[in-house]
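Peer 1:
Residue numbers (full-length UniProt numbering): 1 to 608.
1. If you draw a straight line from the C-alpha of residue 219 to the C-alpha of residue 184, how long is it?
2. Helix or strand or just coil, what does DSSP make of residue 27?
3. Taking the alpha helix (DSSP H) that residue 152 falls in, what are its first and last residues?
4. Tell me the start and end of each unbroken alpha helix (DSSP H) in the stretch 443-504 that is at least 4 residues and wholly inside, in chain order.
5. Would you decide whether residue 57 is buried or exposed? Buried here means 16 or more other CB atoms lie within 10 Å of its CB.
6. Go to residue 533, then tell me how far its alpha helix (DSSP H) extends in each direction, as first and last residue.
7. First and last residue of the alpha helix (DSSP H) that includes residue 557?
8. Can you tell me which residues form a DSSP beta bridge with residue 274?
9. Any idea which residues DSSP pairs residue 411 with across the strands?
10. Indicate the three-state DSSP secondary structure (helix, strand or coil) for residue 550 in the structure shown.
11. Which stretch, first to last residue, makes up the beta strand (DSSP E) that contains residue 355?
12. Relative to the C-alpha of residue 87, which residue among 123, 70, 66 and 60 is closest?
13. If I follow the unbroken beta strand (DSSP E) through residue 238, where does it start and stop?
14. Looking at the secondary structure, which residues open and close the beta strand (DSSP E) in which residue 140 lies?
15. Check this for me: beta carbons of residue 593 and residue 567, under 9 Å apart or not?
16. Roughly how far, in whole angstroms, is the beta-carbon of residue 402 from the beta-carbon of residue 416, given that I think they are within contact range, below 8 Å?
17. From the DSSP output, in three-state form, read off residue 206 for me.
18. From residue 433 to residue 503, what distance separates their C-alpha atoms?
19. Run the CB neighbour count on residue 54, radius 10 Å, all protein chains shown included, and call it buried at 16 or more, exposed below.
20. Near residue 90, which residues of its chain fall below 8 Å by C-beta distance, leaving aside the five closest residues on each side in sequence?
21. Within the same chain, show all residues whose beta-carbon is closer than 7 Å to that of residue 359, passing over the 5 residues directly before and after it, in chain order.
22. Quick check: what's the CA-CA separation for residue 24 versus residue 61?
23. Here's a check: name, in chain order, each residue in its chain whose Cβ is nearer than 6 Å to the Cβ of residue 341, leaving out the five neighbours to either side.
24. What does the alpha-carbon distance come out to for the pair residue 214 and residue 207?
25. Does the beta carbon of residue 226 fall short of 8 Å from some heavy atom of the ligand SAH?
26. Using the Cα positions of residue 497 and residue 536, report the straight-line distance between them to the nearest angstrom.
27. Should the stretch 482-489 be regarded as contacting the stretch 416-430, the criterion being three or more beta carbon pairs within less than 8 Å?
28. Hey, could you find the ends of the beta strand (DSSP E) residue 99 is sitting in?
29. Evaluate contact between the stretch 156-175 and the stretch 138-147, counting only Cβ atoms and requiring at least three cross-stretch pairs below 8 Å.
30. With the cut-off set at 9 Å, would you say residue 516 and residue 543 are in Cβ contact?
31. Look up residue 592 in the DSSP assignment and give the residues it is bridged to.
32. Quick check on the burial criterion: 16 or more other C-beta atoms within 10 angstroms. Buried or exposed for residue 314?
33. Checking 9 Å against the spacing of the C-beta atoms, do residue 126 and residue 153 come in under that value?
34. Looking only at its own chain, which residues have a Cβ that is under 7 Å from the Cβ of residue 577, when we skip the five neighbours before and after it?
35. Per DSSP, what are the beta-bridge partners of residue 545 in this structure?
36. Using the Cβ count rule (16 or more neighbours within 10 Å means buried), how would you classify residue 550?
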């Protein structure tokens, strides 16, 4: 799973709206006895049909009886900030939960903007879940620090546990994975995605693959492409062979193409395959292995293909038999050119999701636009995060995609050059866009043809794309662009701003004009205290505000903390500075919390 998945698309639930600071029912008293047992049964049966967390939140505010009945019938819990509520309060509030999704660090931690050791430890949650949720089946953690001991506790305390997904987490290693494999005998999903694991050369590396049951397993998904150390391939092959319902497998770069062929032969039912390293190993004779028959067999079921690390282009034709049925293709780890991509993409008429590096160039995107008429999501990542890198895409590629892929719903586009005309074209040709993230690399870059600010392009996006919920802006922007966002971005829930803006007025436009705004991320922009104050009336309705390298002062941040006592206002320093007269604020993280200031803040975090 990627960081771009919209929370609204989850069939999971967050803390009830009634638990927000400043509104709703806050009682922790036991539910009052129902005067009519029939009424109680009817109410609980009705609430079972409410599957979205927004509907559930609304139901919990109707009255006290509904509040308690909703808590008793909730099975899926979503907590978007691990510091928003205390673990003990969460498990008491929702005693019958079977699935939990829990997020920790803010998203900018992915870009190295959050110092190591900031927090988001899973340990207190592991203790709470292991003691209160003996029937817990699913756990999804994102940007949390998870220790091996946490995995040992969870795996040994939850006899019904079936699914574990760790996304962008850190702190654990192969010993923790071994606990999960050995203790969770009903395990169906073990997905390790973009994690920073602890296994270095001097650490203990455990053969965790060998710890799975020796009999048939229930495994449906096994993803470990982020595991840096080699695995016991014989044990992996045996595991795949005794997992008859395994449909998703993504291996790490230590698995060579020859070994991949053996795994594919053991699991012809795979629908999702991550190839790991797309080159042959040094094992004698492996260079003679013919991959094409394996992909011919896989073409009957395979719909998603990813991996291709260390791509050796001469082996790419082997995947052609599987291409006609693919709906998802991920080349984000492969330095692939337009010439190499074109023969592959010409067979992908059913493709709905495509991730590529900008090495494909505008020519590669033109080939995509000509073939993939059903494309719903496109992500174009930078191969080199520097200006004027070779093979980068531009406005030409964006226009081609907008004209050829009119069913597009989500786009992430890194580029060096862009024009207002291209963005306007995207807004007109793809009005169903829900996510639009345009990252013009470099600071304050204008329309590269006219030299004008990019205001009109982003204005067209929010005006013409009525369903837009997530927006990322960059390039040379003035207050005019933020005025457009505030006026027309009524459904925008997540806004990311980088190297953009004129004055505090732009931030005011956004905070006062976007009633659905939940997450606001700003970096390297000229917003200061006045802009921060303009959100005073809105922060209680937001999940968080992140500002870094702006023009905030410690005095201004303190005033916000005093005026909004139910918010946590964190000032994050690059290093531990004891001087109280340091007025400039490098990083601000502001979020709502029922638990108050956290007790595990490191020295470089000052809670106001």
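For glycine and all other residues, C-beta sits at the position ideal for the given N, C-alpha and C. Note that this is a predicted model, so its numbers are computed, not measured.
Peer 2: The answer reads as follows:
1. Their Cα atoms are separated by approximately 11 Å.
2. Low confidence applies to residue 27: its pLDDT is 40, below 50, so where it sits in the model is not reliable, and the reading given next is rough at best. The answer is coil: DSSP assigns residue 27 none of H, G, I, E or B.
3. Note, residue 152: alpha helix (DSSP H), 148-157.
4. Restricting attention to alpha helix (DSSP H) runs no shorter than 4 residues, the stretch 443-504 encloses them at 455-464 and 479-488, ordered along the chain.
5. Counting Cβ neighbours within 10 Å, residue 57 comes out buried, since at least 16 surround it.
6. Counted as a single uninterrupted DSSP element, the alpha helix (DSSP H) harbouring residue 533 occupies residues 529-533.
7. Where residue 557 is concerned, the enclosing alpha helix (DSSP H) stretches over 554-563.
8. According to DSSP, which records beta bridges pairwise, residue 274 is partnered with 250 and 306.
9. Answer by DSSP bridge pairing, in chain order: 378 and 436.
10. Strand, per DSSP.
11. Start and end: 353-357.
12. Comparing C-alpha distances from residue 87 to each of 123, 70, 66 and 60 shows the shortest one belongs to 123.
13. Unbroken run through residue 238 is the alpha helix (DSSP H), 233-241; no beta strand (DSSP E).
14. Start and end: 138-142.
15. The answer is yes: Cβ separation under 9 Å.
16. Actually they do not touch by this definition, with Cβ atoms about 18 Å apart.
17. Looking at residue 206 - three-state DSSP - the assignment turns out to be coil, as it is neither helix nor strand.
18. Computed Cα separation, rounded: 28 Å.
19. For residue 54, the number of other beta carbons within 10 angstroms of its own is below 16, and it is reported as exposed.
20. Excluding sequence positions up to five before and after residue 90, its CB lies within less than 8 Å of the CB of 15, 77, 79 and 128, all in the same chain and listed in chain order.
21. Within the same chain, 335, 336, 337, 383 and 391 come within 7 Å of residue 359 by CB-CB distance, once the 5 residues on both sides are set aside.
22. Low local confidence applies: a pLDDT of 37 at residue 24 is under 50, so the model's placement there is unreliable, with the coordinate-based value given in what follows. Going from the Cα of residue 24 to the Cα of residue 61 covers about 6 Å.
23. Taking C-beta separations shorter than 6 Å and ignoring five residues to either side along the sequence, the partners of residue 341 in its chain run 360 and 364, following chain order.
24. Approximately 14 Å between the Cα atoms of the pair.
25. Only the bare structure without any ligand can be found here, which leaves the ligand SAH out of the picture.
26. Taking the straight line from one Cα to the other gives about 19 Å.
27. By the Cβ test, the stretch 482-489 is not in contact with the stretch 416-430, since fewer than three Cβ pairs between them sit closer than 8 Å.
28. Bounds of the beta strand (DSSP E) holding residue 99 are 99-103.
29. Between the stretch 156-175 and the stretch 138-147, the count of Cβ pairs shorter than 8 Å is three or higher; the stretches touch.
30. No, they are not a contact pair.
31. 567.
32. In the assembly as shown, residue 314 is an exposed residue. Its beta-carbon has fewer than 16 other beta-carbons within 10 Å.
33. Result yes, Cβ atoms of residue 126 and residue 153 sit closer than 9 Å.
34. Here residue 577 scores only 49 on pLDDT, less than 50, and its place in the model is too uncertain to base an answer on.
35. DSSP output for residue 545 lists 520 and 590 as bridge partner(s).
36. Flag for residue 550 reads buried.
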